[in-house]
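Notes for the one structure printed next.
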Amino acid sequence: MTEDRNSGNNLPEKENRLLELLQKGPSTITEVSETFNIPKEDVFDFLDEVRDSIYQKTGYIVELEKKARRIFLRKEAVPRQVIKLPKVTSRIVKILITSDWGWGLKTQQEDLVETAFREAEKEEPEVWFSLVAGNFCAGKPSPREREDYFLTTFEEQLEYLVRHFPKSSFKHYLINSWRELSWKKPRTMGEALAERREDIKCYGNHRASFLVGRDTFLILSHIERDPSFYTISHGLQVSMERYQDATEYIYLKENTPDILLLGGINVDVEIPPKLPLKKERENNFYGIALSSLCTATSFQLSRSGRRAVPFALGYLILILEFDEKGYLKGEPIFDVRSLTGYQKKDSYLDDVVSSPELNDEQRRLIISLNEKPMSRGELSKNLKKSIPHALGVIKQLQEKGYKIIEIETEKRFKLMKPLKERFKPVSINIENKTKIAAFGDTHLGHRNERPDLLGKVYQIAEERGVDRIFHCGDVFDGRASYPLQEWELIYHLADEQRDHGLEIWPKSKIWTDFIRGSAGHETAFLKSGYDIVRDFCELAWYRYRRKLRYLGGITGVSEINKIRFQLLHPRGGIPRGISYRPQILVEEIVKDIEKYSREKNLISGHLHVAAAMNYKGIFTLMVPCLQDTTDYLKSGGHISWLGMWICEVFMDKFGNIVRTIREYVPFEPREEIPKRIKGGRK
């Protein structure tokens with residue numbers, strides 16, 4: 120049976136013997152040593168030597184679980200799903216990732232797709248390949264959706280994709296999702312497209328796993344159609360939980376991702392891991408919800424009973440750094456481009472060009488009808504002439520060959536435009552940019568504080584060259600914030616906590632902006648009229664010349680290079696949907712944007728979780744803490760995220776946040792928490 124399974128794989132003898140051994144079940148270092156007559160210490164180098172060859176030719180992934188000293192096959196080979204990605208020969212690998220083009224829909228944004236690929240071509244180092252997470256075509260229209268389509272057959276959409284799918288210096292790997300699979304055909308849209316274009320490969324339906332470098336797994340996936348979630352992060356959270364499992368599989372292990380890339384959410388959301396990436400941490404990975412490159416259709420907007428989430432348009436360039444052996448070095452960086460402000464109506468159509476032989480009135484009507492259909496009264500107003508005169512000009516244009524029809528039901532004249540055949544990338548002018556570091560919730564004075572991580576935060580911030588550091592409240596742990604808190608404090612009095620902060624706070628050439636907490640903790644001292652954070656910042660500056668600045672209260676606004684950031688420390692517990700609290704706040708901000716002075720960046724503390732999103736034009740960071748998980752949080756079923764954000768923000772001349780380069784830096788928790796209580800009650 121083994122010979123049948125491995126026949127035709129053209130493996131060298133030693134690779135074939137190892138494959139046969141592991142197909143029987145997990146093996147040990149001792150068994151491999153005896154089978155191949157090599158020392159145990161050479162087994163690791165032997166596995167590195169044969170791993171690539173076995174994967175490339177069979178699709179099996181040889182995995183070593185160092186803790187249990189077991190060697191096993193992580194994934195069974197599946198015909199036509201062996202994904203051969205370019206071999207890593209550079210320390211920096213960049214990958215262009217897009218989703219949901221919807222080509223064939225009237226709401227497609229082909230110029231934005233062209234923008235993504237042309238901008239990727241300019242990257243240094245260069246982009247290695249692109250991934251498309253499904254829904255690149257419109258699919259089969261239902262009777263209720265037909266009005267939203269301009270290409271309604273399989274053949275029309277296929278030919279359109281063959282002609283216009285961007286040609287680049289790198290190859291494209293894609294998966295089919297529900298739109299491609301809506302056609303009941305012997306072959307899927309992705310397969311048909313890959314057969315016609317040599318630079319495109321299709322790797323199955325709904326999801327695919329990609330190996331980059333030695334051991335970095337990306338899972339590209341797409342959710343089912345038009346999901347309904349009560350928060351924009353919930354769909355991503357549910358998808359991430361499907362890959363998190365404590366079961367120890369014996370014979371077959373599913374690929375656990377280092378990064379999950381999820382299409383279909385249509386909003387940019389990032390949920391980083393709680394801990395630094397390590398292979399032995401199989402349930403610890405990044406989750407990324409991808410923006411769309413197609414706006415919502417009329418049918419999607421009209422559906423009742425669903426939470427209306429506006430599509431965020433954009434794309435992602437994933438940046439991975441590898442060591443000399445091909446293993447991932449550090450954390451990934453996500454370069455997210457937002458194009459929501461650059462969408463166009465009827466982008467799939469080309470404007471009609473006015474002929475030089477037209478007179479001024481005729482040319483004026485062509486320009487106006489290119490923008491929108493017009494009623495008789497609007498035509499008359501446009502020409503500043505009577506309605507009969509305007510209708511006469513329309514008739515003259517029709518006689519010259521311009522296709523202008525009157526829509527009887529709307530009583531408007533419409534200029535029939537041709538399909539666009541040449542796509543042009545949009546021009547985005549970056550006017551301002553800045554780089555910031557953000558963290559919060561240090562809770563100084565509590566036995567679970569992490570002053571050792573404060574030094575790391577400032578060291579990393581200075582290495583990355585940030586312009587400003589933000590602290591989002593709960594600098595100190597205060598007192599009487601929750602039952603039995605006093606038994607967990609190492610500094611009880613306000614002056615003790617403040618002086619402790621002054622003693623341990625790192626010196627830096629970079630200014631740090633602070634706000635205070637909103638509930639308990641520091642407000643316990645505020646009840647007596649003492650603002651400990653204000654006093655701490657003022658003493659730090661006037662006594663020690665440390666660049667600490669208090670923005671005042673539970674919110675504050677900081678401006679860097681004309682880019683404004685609102686810092687916030689909200690109230691309340693931790694909701695099931697991570698994005699719920701900042702999402703609700705963003706929805707309130709956009710209702711009264713002038714009142715909030717047009718801050719397009721929101722940085723939120725308090726919840727001890729990390730996430731990033733670009734929702735309704737507001738870029739939001741949820742910052743982690745620098746405090747190990749307390750017994751109080753454990754009793755509520757929550758584990759704190761320790762870390763910091765490094766983020767570079769780019770703003771265009773219209774005030775839109777069009778690009779964010781995000782790096783999340785997670786920290787390790789301490790294995791043992793000190794139990795000693797300083798001062799106060801013993």
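Mapped onto the numbering used here, the consecutive letters of the sequence shown carry residue numbers 120 to 801. No residue lacks a Cβ here, since even glycine has one placed at the ideal position from N, Cα and C.
Limits of the alpha helix (DSSP H) - the one that residue i falls within
i	result
HIS611	Careful: HIS611 lies outside any alpha helix (DSSP H) and carries neither H nor E.
PHE236	229 to 240
TYR859	No information on residue 859 is available, as it lies outside the stretch 120 to 801 that the chain covers here.
ASP654	651 to 663
ALA415	Taken as a continuous stretch (DSSP letters only), ALA415 belongs to no alpha helix (DSSP H), as it is neither H nor E.
TYR812	Only positions 120 to 801 of the chain appear in the structure, and residue 812 is not among them; the question remains open.
ARG483	479 to 490
PHE769	Run containing PHE769: none in the alpha helix (DSSP H); it sits in the beta strand (DSSP E), 762 to 771.
ARG583	570 to 583
VAL728	Premise fails: VAL728 is in no alpha helix (DSSP H) and is neither H nor E.
VAL151	148 to 155
LEU224	Per DSSP, LEU224 belongs to no alpha helix (DSSP H) and is neither H nor E.
GLY309	308 to 315
HIS508	506 to 518
ASN551	Element bounds for ASN551: not the alpha helix (DSSP H) but the beta strand (DSSP E), 549 to 558.
GLY496	495 to 502
Exposure label - residue i; buried when at least 16 CB within 10 Å
i	result
GLY603	This sequence places Leu at residue 603; Gly is not what is there. It counts as exposed.
LYS225	buried
ASP479	exposed
ARG778	buried
ARG746	Reading the sequence as shown, one finds Gln at residue 746 and not Arg. Answer is buried; the Cβ neighbour count reaches 16.
PHE605	This sequence places Glu at residue 605; Phe is not what is there. Exposed, because fewer than 16 other Cβ atoms sit within 10 Å of the Cβ of GLU605.
GLN481	buried
VAL455	buried
MET535	exposed
SER759	buried
ASN680	exposed
LYS241	exposed
ARG617	buried
PRO305	exposed
HIS508	exposed
ASN385	buried
Proximity to residue i [Cα-Cα], best of the options
i	options	result
PRO145	THR226, GLU233, ILE211 and TYR368	TYR368
ASN551	ASP771, HIS725, TRP606 and VAL455	ASP771
PHE644	VAL676, HIS611 and LYS666	HIS611
LEU99	LEU280, ASN254 and GLN419	Any property of residue 99 remains undetermined from this structure, which presents the chain solely from 120 to 801.
GLY639	THR674, LEU394, ASP654 and HIS562	HIS562
ALA415	GLY383, LEU670 and ARG210	GLY383
ARG566	ILE737, ASP596, GLY691 and PHE532	ASP596
ASN135	PRO158, VAL181 and THR147	VAL181
GLU527	PRO570, PRO492, GLN517 and SER637	PRO492
LEU409	PRO395, LYS397, LEU437 and LEU394	LEU437
GLY406	ARG583, TYR783, LEU468 and GLU791	TYR783
Endpoints, the beta strand (DSSP E) within which residue i is located
i	result
GLN685	682 to 687
SER466	Element bounds for SER466: n/a, residue is neither H nor E.
LEU439	433 to 440
LYS213	211 to 217
HIS590	587 to 591
PHE404	Neither: PHE404 is in no beta strand (DSSP E) and is coded neither H nor E.
TYR699	Run containing TYR699: none in the beta strand (DSSP E); it sits in the alpha helix (DSSP H), 699 to 710.
HIS283	No beta strand (DSSP E) holds HIS283; the alpha helix (DSSP H) holding it covers 273 to 283.
GLU782	776 to 785
TRP247	246 to 251
ALA327	326 to 331
GLU678	674 to 679
Residue i: CB within 7 Å of a non-hydrogen atom of the ligand NAP
i	result
LEU608	Because no ligand of any kind appears in the structure shown, any question about the ligand NAP cannot be addressed here.
Integer-rounded CB distance, given that residue j should sit under 8 Å from residue i
i	j	result
ARG683	VAL676	6 Å
ASP377	PHE404	5 Å
PHE532	LEU498	7 Å
VAL705	THR739	6 Å
ARG717	GLY762	29 Å between Cβ atoms; not a contact.
LYS249	PHE289	For the sequence presented, residue 249 should be read as Ser rather than Lys. Yes, they are in contact, since the Cβ atoms of SER249 and PHE289 sit about 6 Å apart, within 8 Å.
Are at least three pairs of beta-carbons, each pair with one atom in the segment 514 to 531 and one in the segment 554 to 563, less than 8 Å apart? no
For the 8 Å Cβ check, are there 3 or more pairs between the segment 351 to 358 and the segment 315 to 333? Contact between the segment 351 to 358 and the segment 315 to 333 is absent, because fewer than three Cβ pairs lie under 8 Å.
Does the segment 651 to 665 come close enough to the segment 682 to 701 to have 3 or more Cβ pairs within less than 8 Å? no
Take every Cβ of the segment 432 to 452, pair it with every Cβ of the segment 226 to 246, and state whether three or more of those distances are shorter than 8 Å. yes
Below 8 Å, can you find three or more Cβ-Cβ pairs linking the segment 588 to 602 to the segment 621 to 638? yes
Report yes or no: do the segment 262 to 278 and the segment 491 to 511 share at least 3 C-beta pairs separated by less than 8 Å? no
Check whether the segment 383 to 402 touches the segment 719 to 731, counting contact only when three or more Cβ pairs, one atom from each stretch, lie closer than 8 Å. yes
Determine contact between the segment 294 to 313 and the segment 239 to 259, defined as no fewer than three beta-carbon pairs at a distance below 8 Å. yes
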